[in-house]
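Here the structure is laid out as structure tokens; the discussion comes afterwards.
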Amino acid sequence: MDVVSGKWKSLILWELDQYGTRRFGELRRGLPGVSEKMLIQHLREMEQDGLLHREVYREVPPRVEYSLTEQGTSLNEALRPLSAWGAARRERLAADGVLAPA
Numbered sequence: 002m003d004v005v006s007g008k009w010k011s012l013i014l015w016e017l018d019q020y021g022t023r024r025f026g027e028l029r030r031g032l033p034g035v036s037e038k039m040l041i042q043h044l045r046e047m048e049q050d051g052l053l054h055r056e057v058y059r060e061v062p063p064r065v066e067y068s069l070t071e072q073g074t075s076l077n078e079a080l081r082p083l084s085a086w087g088a089a090r091r092e093r094l095a096a097d098g099v100l101a102p103a
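Written out as structure tokens, the structure is:
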């Protein structure tokens, strides 16, 4: 569980799964509310855990791209049922008037 601990890691996995390789700025725009510091920290941890590949292009200005590794992709697959459960729960809460529909 420590591999996906933190508010943003599962969202980073989802973002990279949905859109493929992303630059830092694209990830930040795709995750409204994340601070630059927190995104950098999570990306570093996920790279150390073998979930992300970080590609640095030696050009001016420097370009860095992030993509999922095989481990990151397999973790996303393992999290899919949890996502489905969350979507069903959201719908149930919305139907009960507890939560606004997504």
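Using the numbering used here, the first residue of the sequence shown is number 2, and each one after it goes up by one. Glycine residues also receive a C-beta, built at the ideal position from the N, C-alpha and C atoms. Just so you know, these numbers come straight off a predicted model, no measurement behind them.
State buried or exposed for residue 67, treating a residue as buried only when at least 16 other CB atoms are found within 10 Å of its CB.
By the 10 Å Cβ count, residue 67 comes out buried.
Any idea what DSSP makes of residue 37, helix, strand or coil?
In the structure shown, residue 37 sits in a helix (DSSP, three-state: H, G or I).
How many angstroms separate the CA atom of residue 21 from the CA atom of residue 69?
Cα to Cα, residue 21 sits roughly 8 Å from residue 69.
Assign residue 41 to one of two classes, buried (16 or more other C-beta atoms within 10 Å of its C-beta) or exposed (fewer than that).
That one is exposed.
Please determine, among 53, 49, 99 and 46, the residue with the shortest C-alpha to C-alpha distance to residue 74.
Nearest of 53, 49, 99 and 46 to residue 74, Cα basis: 53.
In chain order, what are the residue ranges of uninterrupted beta strand (DSSP E) at least 3 long that sit wholly in the segment 32-102?
Qualifying beta strand (DSSP E) stretches, in chain order: 53-58 and 64-69.
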